Each structure stands twice: as structure tokens, then as C-alpha cells.
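What follows is a set of notes on a single structure, which appears directly below.
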Amino acid sequence: MTVKANANTTRLWSFDKPLKKVATHVKAKVAGLYCINGENLIESPEKNKAEDFTTFLRRIREANPEKRIAVVLDNSRTQHHAKKVKKKAEKLNISLIYLPPYSPDLNPIENI
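Quick look at the structure:
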């Protein structure tokens, strides 16, 4: 998932001094996990690669050693569909549930 840091400077309420320059073209990659039990995990990987995502899966398992884990994934082909990711998830006993393309309405994290 990519988050853009563009501000709407047309209308702005502020009690401090207004910003004179707004950073543009800034992107951040965020991997987020919203858990049913209310505990959340958010990371900002340096790169959007399979290795980063397998590390994320390992941290999920470490935080929940005895629990059943199912991860709902969007259609990010860069990491989620890599064979390395699927093998690591299977080894960690994590179920990966893939959403169809262009379906944010099916992604539970979009409601947050």
C-alpha cells in the first residue's frame, strides 16, 4: 500500500503559523495489520519486496505464537504473490487470503 503525503492547501485551519512549503511527491510504503482482538501491527518497509513481507509475516507469528492467523491481502503483485512469500506463510502456518483486483470494498482494513 502506498500513502501519498499531499496536502490540500486551498483551505486550511491553523492556530500556528501556516506552512510556507508543503512537501510533494513523497510516498511511504506501509504494511498494516488490523487484528480481530484489537491489537494492530504497522510497519514501513524500506522496499516493497518479498523479503520485507516475509519478515512481516514472521513478526506476526512471533506476536501470536499459538493463534490461528489469516492475512487478507490486496492485489499487490510485488510481494504478496511471490513464491517465497507463499512458502514462508505455509511454514509459519499462516493462511493468505487474496482479494480480487480493484476491490477495496472487500478489504476490511479500508473501513478503518
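Residue numbering for the sequence shown follows numbering that gives the first Met the number 0, beginning at 0 and increasing consecutively.
We put the beta carbon where it would ideally sit given N, CA and C, even for glycine.
All of these numbers come straight from a predicted model, not from anything done at the bench.
Local conformation of residue i per DSSP, three classes
i	result
residue 72	strand
residue 95	strand
residue 65	coil
residue 100	coil
residue 49	helix
Spatial neighbours of residue i in its chain, beta-carbon cut-off 7 Å, leaving aside the 5 residues before and after
i	result
residue 71	96, 98, 106, 107
residue 49	78, 81, 83, 84
Option in the options with minimal Cα separation from residue i
i	options	result
residue 59	48, 81, 88, 100	88
residue 65	92, 102, 103, 104	92
Contact set for residue i: own chain, Cβ-Cβ below 8 Å, skip 5 residues either direction
i	result
residue 100	74
residue 57	87, 91
Residues of its chain near residue i, where Cβ-Cβ distance is below 6 Å and the 5 sequence neighbours each way are ignored
i	result
residue 94	69
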